[in-house]
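Going by the working numbering, the first residue of the sequence shown is number 33, and it counts up by one from there. Beta carbons are placed, not taken as given, at the ideal position from N, Cα and C, and that holds for glycine.
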Amino acid sequence: MGNRINTTASTESNFFVSGLTILFIALKLTGYISWSWWWVLSPLWISILLALVVGTLAILISSTKDK
């Protein structure tokens, strides 16, 4: 049961990031925003960076627990 909840939360966050990225791209291409492409694509790289930080912390915590 707990695995299903984690999968649902992951799917919802992926939908949010994808939707926000598509919205920003559409706004950029239609001229409503004049942000740089770095900021337009920021939902993608921020979520990747966050996943890397959380993964690194999880590895560090699990390795210190083993000692």
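So is residue i buried or exposed if we call it buried at 16+ other beta carbons inside 10 Å?
i, result
"F56", "buried"
"M33", "The predicted position of M33 is uncertain, since its pLDDT is 48 and thus under 50; a value taken from the coordinates is nonetheless stated next. When all chains shown are included, M33 counts as exposed."
Pull up the CB-CB distance for residue i and residue j, whole angstroms please, since I reckon it's below 8 Å.
i, j, result
"L76", "T53", "6 Å"
"I65", "L73", "With a Cβ gap of about 13 Å, I65 and L73 do not count as contacting."
Could you tell me which whole alpha helix (DSSP H) segments of length 4 or greater appear in the stretch 48-93? List check, alpha helix (DSSP H) in window: 69-72.
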